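Peer 1:
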Amino acid sequence: MGREIERFFAELRKAYEAAGEPTLDAMQRLGGGRSTTAPVLGSSSLSEWLGGVSVPAKASERFLLDLVAYLHQRAALPESGRSGVPVRVHADRALWLSMVRAARKERAAERPGGRPRAREREVRPVSGPVTLPPPPDDFAGRTAELDEVLRCLDPEADGSATATATAVVVSAVAGMGGIGKTALALHAAHQAHGRGWFPGGAVFADLRGYSAQDPVGAGAVADRLLRAMGIPARQLPGTDDGSVDAWQRLLHSLAVEGTSLLVVLDNVRDLGQVGALLPRSPHRALVTSRQALSSLPAHRVSLAPLPPDEAVAVLNTALRAGETDDVRCAADPVGALDLAELCGRLPLALRITAALLRADSERPLAAHAADLREVRSRLDALELDEEDAEGRPLAVRASLDLSYRHLTAESARALRLLATTPGPDVSTASAAAVLDLPRPDARRHLAGLARHHLLTRADLSNAGANAVLSPEDAERWSLHDLVRLYGAEQADRHPPEVAAAAGRLDVRFTELTAAARNCLGSTAIPVPAAHEFGSATQALAWLDAERANLVALVAAARQAGRWRSALTVTSNLHHYLEEGWYGADAYQCGTHAVEAARHLTPADLAAALSFVGNACRLTGRLDEGVERLTEAVGVAGNAGRPGALSSALHNLGLVHARRGDWASAEHVHRLDVELSRSCGDRRGEAMALVALADTHRASGAPQDAVSATVRAAHLVHETADVHGSAMVALSHAQTLLYDGRTPIAALTLLACAVRDFRTTGSQAKVAVASIKLGAAYGARCMVCHGSDAVRWTREGLALAEAGTDQALTAQALHQLGSFLAHTGDRAGARPVLERAVAACTAVGDIERTRAARSTLSHLGKPKKPLICDETPPPGPGEQFDVAEAIETIAGGAPKNLCLVADPVWRALFGVDRDPT
Numbered sequence: 003m004g005r006e007i008e009r010f011f012a013e014l015r016k017a018y019e020a021a022g023e024p025t026l027d028a029m030q031r032l033g034g035g036r037s038t039t040a041p042v043l044g045s046s047s048l049s050e051w052l053g054g055v056s057v058p059a060k061a062s063e064r065f066l067l068d069l070v071a072y073l074h075q076r077a078a079l080p081e082s083g084r085s086g087v088p089v090r091v092h093a094d095r096a097l098w099l100s101m102v103r104a105a106r107k108e109r110a111a112e113r114p115g116g117r118p119r120a121r122e123r124e125v126r127p128v129s130g131p132v133t134l135p136p137p138p139d140d141f142a143g144r145t146a147e148l149d150e151v152l153r154c155l156d157p158e159a160d161g162s163a164t165a166t167a168t169a170v171v172v173s174a175v176a177g178m179g180g181i182g183k184t185a186l187a188l189h190a191a192h193q194a195h196g197r198g199w200f201p202g203g204a205v206f207a208d209l210r211g212y213s214a215q216d217p218v219g220a221g222a223v224a225d226r227l228l229r230a231m232g233i234p235a236r237q238l239p240g241t242d243d244g245s246v247d248a249w250q251r252l253l254h255s256l257a258v259e260g261t262s263l264l265v266v267l268d269n270v271r272d273l274g275q276v277g278a279l280l281p282r283s284p285h286r287a288l289v290t291s292r293q294a295l296s297s298l299p300a301h302r303v304s305l306a307p308l309p310p311d312e313a314v315a316v317l318n319t320a321l322r323a324g325e326t327d328d329v330r331c332a333a334d335p336v337g338a339l340d341l342a343e344l345c346g347r348l349p350l351a352l353r354i355t356a357a358l359l360r361a362d363s364e365r366p367l368a369a370h371a372a373d374l375r376e377v378r379s380r381l382d383a384l385e386l387d388e389e390d391a392e393g394r395p396l397a398v399r400a401s402l403d404l405s406y407r408h409l410t411a412e413s414a415r416a417l418r419l420l421a422t423t424p425g426p427d428v429s430t431a432s433a434a435a436v437l438d439l440p441r442p443d444a445r446r447h448l449a450g451l452a453r454h455h456l457l458t459r460a461d462l463s464n465a466g467a468n469a470v471l472s473p474e475d476a477e478r479w480s481l482h483d484l485v486r487l488y489g490a491e492q493a494d495r496h497p498p499e500v501a502a503a504a505g506r507l508d509v510r511f512t513e514l515t516a517a518a519r520n521c522l523g524s525t526a527i528p529v530p531a532a533h534e535f536g537s538a539t540q541a542l543a544w545l546d547a548e549r550a551n552l553v554a555l556v557a558a559a560r561q562a563g564r565w566r567s568a569l570t571v572t573s574n575l576h577h578y579l580e581e582g583w584y585g586a587d588a589y590q591c592g593t594h595a596v597e598a599a600r601h602l603t604p605a606d607l608a609a610a611l612s613f614v615g616n617a618c619r620l621t622g623r624l625d626e627g628v629e630r631l632t633e634a635v636g637v638a639g640n641a642g643r644p645g646a647l648s649s650a651l652h653n654l655g656l657v658h659a660r661r662g663d664w665a666s667a668e669h670v671h672r673l674d675v676e677l678s679r680s681c682g683d684r685r686g687e688a689m690a691l692v693a694l695a696d697t698h699r700a701s702g703a704p705q706d707a708v709s710a711t712v713r714a715a716h717l718v719h720e721t722a723d724v725h726g727s728a729m730v731a732l733s734h735a736q737t738l739l740y741d742g743r744t745p746i747a748a749l750t751l752l753a754c755a756v757r758d759f760r761t762t763g764s765q766a767k768v769a770v771a772s773i774k775l776g777a778a779y780g781a782r783c784m785v786c787h788g789s790d791a792v793r794w795t796r797e798g799l800a801l802a803e804a805g806t807d808q809a810l811t812a813q814a815l816h817q818l819g820s821f822l823a824h825t826g827d828r829a830g831a832r833p834v835l836e837r838a839v840a841a842c843t844a845v846g847d848i849e850r851t852r853a854a855r856s857t858l859s860h861l862g863k864p865k866k867p868l869i870c871d872e873t874p875p876p877g878p879g880e881q882f883d884v885a886e887a888i889e890t891i892a893g894g895a896p897k898n899l900c901l902v903a904d905p906v907w908r909a910l911f912g913v914d915r916d917p918t
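Counting along the sequence shown from 1, when you hit position 821 you're at 823 in our numbering, and nothing is skipped either side.
In structure tokens, the structure reads:
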């Protein structure tokens, strides 16, 4: 390697390292984004520059200068990642040009071509015609897709994609017009032409498959292509079949000569338009279509909406078109990203937005985003009174019109109705209900819309959950935001069919949430046999898959005046949302339910107020919770509805306890116990007693807590309430740990609680029980059970961090850090304890904050060896291996695997009779 080459590579590497070694993607976007005239450079070329493999060609000099300027700017930032003595990065453009040209000259002397290769590639001059429209000036992004297209067009590609097919289909997964199919195809075609891959030429034809004009037939296209290839008009056949035959003869003649040709067929509606036009090797065809063209034997490059960073790059590039110095994207990156999202990351919408902003150079991005945020007028705002180079209107609505008018009446109806469904996606089963069709027929319409790229089949990312669902419930479909808006506009013209579809979806979700509630609790709401779930696991999987849609349906039903549907679905979701730790969803549903219930009966209003009050507790809105629940108590009392009154009292007591007002909590829970007992509601009485026991324990009266829990244990045994049994076990175990007694009983009870809470899908309670199980292992003996204590605490912490209870997360972090420190894992303990200090401080837990800081300060000091302090061998009735039995029960073994000499345990199994 010559001196000039070494100098250039050394300076470039130094600039790269001084900038903190940004990723290739960042350099490709930010470097290239500094100039509208710099050509797009692939990441592989950048890698070869940095690795000293190739010297930038003359055509890449503008990109190199922009890249060096970017690296120089990044090196000056404090977060660039540099350390040690600052490195000077040359920013003199003339110096860099001098260096790269000297290196290129030296490389040419060493090996012609400027780039060492195992086999030099002949670049043949293009002698054939080139009728490609100009490439779009504002093209940006699509790096991976562009590379994929070019690999397939490359006549010397080694991959198998072109070995079995001679056409590349560029189609859009999100599917609507404006996704950027033509722009990508033209950009790739011009690059292929520039590399000399097709000496026979590169020809283009717009088939108008989706256009306001009539589609162009194969014969007319062949005639146009023959003219483009220079065939004199007097030699052209006079018929369509003759033109197609002449086109194929020309392709064959060029192939025999070894002269390859690139054919770009744009805006194809179906295979019938292009099947007779496609060339065979060595030629290549590049086809764009809104249809999937699934019967075409071709390699497909699917275009989805742009990634957020590429969408911003398109917006920025389009804003700076015409050598303008528009810095609004750079000055307001948050506003630029907001605009990109509101445009659905659709290139057409982004370019329209940029054109509107260019016409108003003083308008802030945030102000334009505010206009687009108005959903019903968004499509109006994404429109220009102009046409593109191919004569197509620059409007998202007009582009979607072209797809919509090619649908059958049945498919158009399906699109309209699916666009009105609430939530981010729809299952095949729900779509069948909305469309009022048998499931096979509904799926046929869904698949047809997907082939038109107006619907997307969602990835089934959660394979474990989907495995227990029916295929129709597991399979899900989604609409791009702008397609949904367009479909909703069309639906506005058909109000009766929209109202009927909404009613059918209400019925489906009402019945299925009731069936799930039956599986997860002790209710027995009548539901059709077809909507019953086979197990709690299946019910949970369905609720998890549909949660966002159910929450959206509650809002939609309330807004449309379907009061009963909004309230009933919310009521059916009560247990799932609370126990799954979905506090924000519970609050949203509860708020809508209250508004709906004000149009219904007082009992309905009391139930809704109680639900939203409890959601306030889950989300930390404690003052609002007291206000809502106090109103619920009054409404239920005046209406003479003891069940609703009991629920309101129970939740009000929990909110008082969360606020630390133990006296008020105890008073309210005692009222609830007396009310439930007088009404014969044994399950309600049991839960009231558990809440009362928790209040006694927290206020320093553990013996009173035990008395209340024993009575609750008898009640849940009588009612065979699985969830209630787990609540009793958890409460009593915490009392035992609080009182420092009988750790073995606490371990066993907590194992049962973990098992039963898992069965009923109570993630919040599983987290609490797991953390307490870790504490119980630690209380028994850290020498013998330290690893178990750490493991269970980690499991509980992971669940707590996924939830909304920050106090529980802080508690778990402190417990885990302390256990790691006790077991000698100081390296692991330090970061956990540091997080614990921050978390405990944030929630105002002064005692744990001090304890965590104290443990941190003693980490580096010598420790005395731990001595086993496990209690003596268990007495009669407790002869078993503790750890093995606990793990077995928690894993799903029968709870009566062992017997423990504890009054609550014995009451849960009915060993002792209820003294009352």
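We treat Cβ as the ideally placed atom computed from N, Cα and C, and that holds for glycine.
Just so it is clear, the structure is predicted and the values come from calculations on it, not from any experiment.
1. Nearest by alpha-carbon distance to alanine 650: which of Ala665, Asp663, Glu629 is it?
2. Quick check on the DSSP output: what are the complete alpha helix (DSSP H) runs of length 4 or more inside the stretch 617–697, in order along the chain?
3. According to the Cβ coordinates, are alanine 588 and glutamate 597 closer than 8 Å?
4. Cutting at 6 Å between CB atoms, please list the residues of its own chain near valine 57, excluding the five before and the five after it.
5. Can we say the stretch 184–196 touches the stretch 133–142, given the rule of at least three CB pairs closer than 8 Å?
6. Based on Cα-Cα distance, which residue from Glu849, Glu676, Glu343, Gly655 lies nearest to alanine 667?
7. Measure from the alpha carbon of leucine 374 to the alpha carbon of each residue in Leu341, Arg365, Leu359, Ile354, then state which is nearest.
8. Tell me whether threonine 290 sits in a helix, a strand or coil according to DSSP, three-state version.
9. According to DSSP, is leucine 279 part of a helix, a strand, or is it coil?
10. Can arginine 347 and leucine 381 be called in contact, C-beta distance under 8 Å?
11. With a floor of 4 residues, list each alpha helix (DSSP H) that falls wholly inside the stretch 199–250, ordered by position along the chain.
12. Please report the distance separating the alpha-carbon of glutamate 6 from that of methionine 101.
13. Please list the terminal residues of the continuous alpha helix (DSSP H) segment that includes leucine 317.
14. What is the residue span of the alpha helix (DSSP H) that arginine 782 lies within?
15. Using CA atoms only, rank isn't needed, just tell me which of Ala777, Leu186, Ala690 is closest to alanine 707.
16. Candidates Ala351, Ala504, Ala476, Gly788: which alpha carbon is nearest valine 485's?
17. Identify every residue that forms a DSSP beta bridge with glutamate 385.
18. Can you give me the C-alpha to C-alpha distance between glutamine 590 and alanine 710, rounded to a whole angstrom?
19. Measure the Cβ-Cβ separation of serine 480 and threonine 458 and say whether it is below 8 Å.
20. Rounded to a whole number of angstroms, what is the C-alpha to C-alpha distance between alanine 778 and valine 314?
21. Go ahead and label isoleucine 848 buried or exposed: buried means 16 or more other beta carbons lie within 10 angstroms of its beta carbon, across all protein chains shown.
22. Less than 8 Å between C-beta atoms, sequence neighbours within five positions excluded: which residues of the same chain meet that for arginine 619?
23. How big is the Cα-Cα spacing for cysteine 783 and alanine 831?
24. With H, G and I counted as helix, E and B as strand and the rest as coil, what does DSSP make of threonine 795?
25. Measuring only the C-alpha atoms, how far is alanine 400 from serine 213?
26. Could you tell me whether the stretch 507–519 touches the stretch 425–435, using the rule of 3 or more Cβ pairs below 8 Å?
27. Does DSSP put serine 1 in a helix, a strand or coil?
28. Would you kindly report the start and end of the unbroken alpha helix (DSSP H) that includes serine 413?
29. So, does the stretch 494–501 touch the stretch 355–365, judging by three or more C-beta pairs under 8 Å?
30. Check whether the Cβ atoms of histidine 860 and alanine 838 sit closer than 8 Å, and answer yes or no.
31. What separation, rounded to the nearest whole angstrom, lies between the Cα atoms of phenylalanine 200 and leucine 186?
32. Just to confirm before moving on: does the CB-CB distance between valine 973 and glycine 179 stay below 8 Å?
33. Check whether the stretch 749–758 touches the stretch 766–775, taking contact to mean three or more Cβ pairs, one atom from each stretch, closer than 8 Å.
34. CA-CA distance, arginine 713 and alanine 688?
35. Just checking, does the stretch 412–426 make contact with the stretch 537–557 on the three C-beta pairs under 8 Å criterion?
36. Going by beta-carbon coordinates alone, are methionine 729 and valine 675 separated by less than 8 Å?
Peer 2: Result, derived from the coordinates:
1. Glu629
2. 624–641, 644–660, 664–681
3. no
4. Ala105, Arg106, Arg109, Gly116
5. yes
6. Gly655
7. Leu341
8. strand
9. coil
10. no
11. 220–230
12. 7 Å
13. 310–321
14. 765–782
15. Ala690
16. Ala351
17. Ala397
18. 34 Å
19. yes
20. 53 Å
21. exposed
22. Gly627, Asn653, Leu656, Val657, Arg660
23. 19 Å
24. helix
25. 10 Å
26. yes
27. As shown, the chain starts at 3 and ends at 918. That puts residue 1 outside it, with no answer to give.
28. 411–421
29. no
30. no
31. 18 Å
32. Residue 973 lies beyond the range of the chain shown here (3 to 918); nothing can be said about it.
33. yes
34. 7 Å
35. yes
36. no
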